[in-house]
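Read the structure below first, then the notes.
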Amino acid sequence: MLTGLLFCSVPVTGMGQQVGAYGVQDTLRSGFSSVKNELLPSHALELSEKNFQLNQDKMNFSNLRNIQGLHAPLKLQMEYRAARQIQRLPFLQSSHLALDTLKGNDESISFEDILNDPSQSEMVGEPHIMMEYKLGLM
């Protein structure tokens, strides 16, 4: 009954695939398309590994609900949503430090911490255009 409410995700305002007025991808705002993103998983474990964190969160919320009641996972999800909405300007990479602290990931070093350097990102844009787009002026 309320379990669907517990695991729904809130979309974070971001710069995903944008389609222009003529049905062509807006490369200026969304970058180049990647064939890798459109491929199906080649192994059964690949899909499991991709959804590992989501499955871990579902299991933790279920355990928390069984131990402390319905209010505990709802409060925790509300805090996660609030932490996800804290962002820098659209042309700057957000670190989501508050969300990492809530989830306990601030004390560990993972693959993304070393090899996900925002200065080497392919997503670069004009700051004025990106701000106007986020504010709905374009």
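Residues 1053 to 1190 (this note's numbering) are what the sequence shown spells out, left to right. Glycine included, every Cβ here is placed at the ideal spot set by N, Cα and C.
Near residue i, what residues of its chain come up, given a Cβ to Cβ distance below 6 Å and the 5 sequence neighbours on each side ignored?
i        : result
Ala-1135 : Ala-1150, Leu-1151, Leu-1154
Taking all protein chains shown into account, do 16 or more other C-beta atoms lie within 10 angstroms of the C-beta of residue i, making it buried, or fewer, making it exposed?
i        : result
Pro-1017 : This structure does not reach residue 1017, given that the chain is present from 1053 up to 1190, and the question cannot be answered.
Arg-1081 : buried
Under 8 Å, do residue i and residue j count as touching if we go by C-beta distance?
i        : j        : result
Arg-1133 : Ala-1124 : no
Met-1182 : Phe-1143 : yes
Ser-1146 : Gln-1139 : yes
Rounded to the nearest angstrom, how far is the Cβ of residue i from that of residue j, given a contact under 8 Å?
i        : j        : result
Gln-1077 : Ser-1085 : 6 Å
Considering only residues of the same chain and omitting the five flanking positions on each side of residue i, which have a CB-CB separation below 8 Å?
i        : result
Gly-1188 : none
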